[in-house]
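Following this note's numbering, the numbering of the sequence shown begins with -3 at its first residue and continues without gaps.
For reference, the structure discussed in these notes is given below.
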Amino acid sequence: MDPGRGAVHDLRSVRPGERGFPEPRGGRPRPVHRASHRRGPWRTDLGRSRAQPDDVPRAAARGGKEPTTIRILIVEDHVLFAEAIALALEGRDMLVVGSVTTADEAIPAVRRSHPHLVIMDIGLPDRSGLDVGSEIVQGWPDVKVLALTGVDDPRAVREALDLGFQGYLVKDVPVERFVRTVEAVMAGQIVVPGRLLPSAAARTRDEEAVSLLVQQLTQREIEILRLLVEGAEGGTIASALRISPNTVRSHVQSILSKLQVHSRLEAAAFAVRHRIYLGSGSTASRDRALMR
-3 MDPGRGAVHD
7 LRSVRPGERG
17 FPEPRGGRPR
27 PVHRASHRRG
37 PWRTDLGRSR
47 AQPDDVPRAA
57 ARGGKEPTTI
67 RILIVEDHVL
77 FAEAIALALE
87 GRDMLVVGSV
97 TTADEAIPAV
107 RRSHPHLVIM
117 DIGLPDRSGL
127 DVGSEIVQGW
137 PDVKVLALTG
147 VDDPRAVREA
157 LDLGFQGYLV
167 KDVPVERFVR
177 TVEAVMAGQI
187 VVPGRLLPSA
197 AARTRDEEAV
207 SLLVQQLTQR
217 EIEILRLLVE
227 GAEGGTIASA
237 LRISPNTVRS
247 HVQSILSKLQ
257 VHSRLEAAAF
267 AVRHRIYLGS
277 GSTASRDRAL
287 MR
């Protein structure tokens, strides 16, 4: 599983009742872990890894494909938090192949564990995780790097994106949002916290900055923006999409807010100026709202 860098995705919507990371199990994590074959679903934590070899024959018998296990390296100086990350990811076709606590250990760990994704604490004790993350991006272009931090810092978001990180995540997120972030990054999206989107976009003027704004749009909003670019009025949009004029107005206001513009004309000009690909017809989707 190795998609290229793609558009930015905002994972603010979390179902009610989500809680923070589960309490980690005892014992220190080991740097590298090997899966041992035992019955049960794919699971992993820093203390042990389990796989069910029977999954492949059953999937093949059903005509399905063998699931791709995402190999993850954690670079985090707080051992308990590192183990909590591993517990949050277990049972999701993800395997934590190593955990190290310093920047100097990160490069050797990448060499020996061959991860698909590195979850990188940028506030490491020996040197900046942004620096070592940049080295990983340059040395292993196929490896994705997700920045992890304890504070909101728009400047750090910009620096991380400029260095080639695939995402920026604050440690206070609920478990499900954390997992969805990992899944989105591995799907080729660039992820930052919703509350940092405007600041990051205001500071960065490249294609990724525009994507920070565009990827907030829903599928319906993308369809409406396409029609605005074509010069359609509210009534025409309502008829084309079979929704009420009031619903159109509500969506338009949402589009203006998300793109940080003040009129329908400005929204259409924004889309044209930044060459936003909106698809065609009602089949346009958020995943296709990418920069050409």
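The C-beta atom is built at its ideal place from N, Cα and C for all residues, glycine as well.
Contact annotation, I81 with E72: C-beta distance approximately 7 angstroms; criterion of less than 8 angstroms satisfied. The C-beta of S130 has 16 or more other C-beta atoms within 10 Å across all chains shown, which makes the residue buried.
Within 10 angstroms of the beta-carbon of H247 lie 16 or more other beta-carbons, which makes it buried.
For the options E86, L91, L120, the alpha carbon positioned closest to that of A102 is the one of L120. No Cβ-Cβ contact shorter than 8 angstroms links T177 with L159.
Here S95 is bridged, per DSSP, to I70. With fewer than 16 other CB atoms across the displayed protein chains lying within 10 angstroms of its CB, H110 is exposed.
For the pair G125 and A143, the CB atoms are nearer than the 8 angstroms cut-off. Judged by DSSP in its simplified three-state form, K167 adopts coil rather than helix or strand. The alpha-carbon separation between F161 and R238 amounts to approximately 41 angstroms. With 16 or more other Cβ atoms inside 10 Å of its own Cβ, H112 counts as buried. Per the coordinates, the alpha-carbon of D122 lies some 18 angstroms from the alpha-carbon of V147. Boundaries of the beta strand (DSSP E) harbouring A143: 140 to 145, taken from the DSSP string. The alpha-carbon of V244 is positioned some 12 angstroms away from that of L252. Residue range 215 to 225 is occupied by the alpha helix (DSSP H) that includes L224.
For the set V171, L69, A152, D138, the Cα lying nearest the Cα of A84 is the one of V171.
Counting only residues of its own chain and dropping the five nearest sequence neighbours on each side, A228 has a CB closer than 8 angstroms to the CB of A236. In the three-state reduction of the DSSP assignment, V188 falls in the coil class, being assigned neither a helical nor a strand state. Distances from the CA of D127 to each of V206, T98, V210, R108 were compared; the closest alpha carbon is that of T98.
In the structure shown, I118 adopts coil according to DSSP, grouped into three states.
Rounded to the nearest whole angstrom, the CA to CA distance from M116 to V225 is 40 angstroms. V153 sits close to L192, with the two beta carbons spaced by under 8 angstroms. Within the model, the alpha-carbon separation for V93 versus E79 is close to 12 angstroms.
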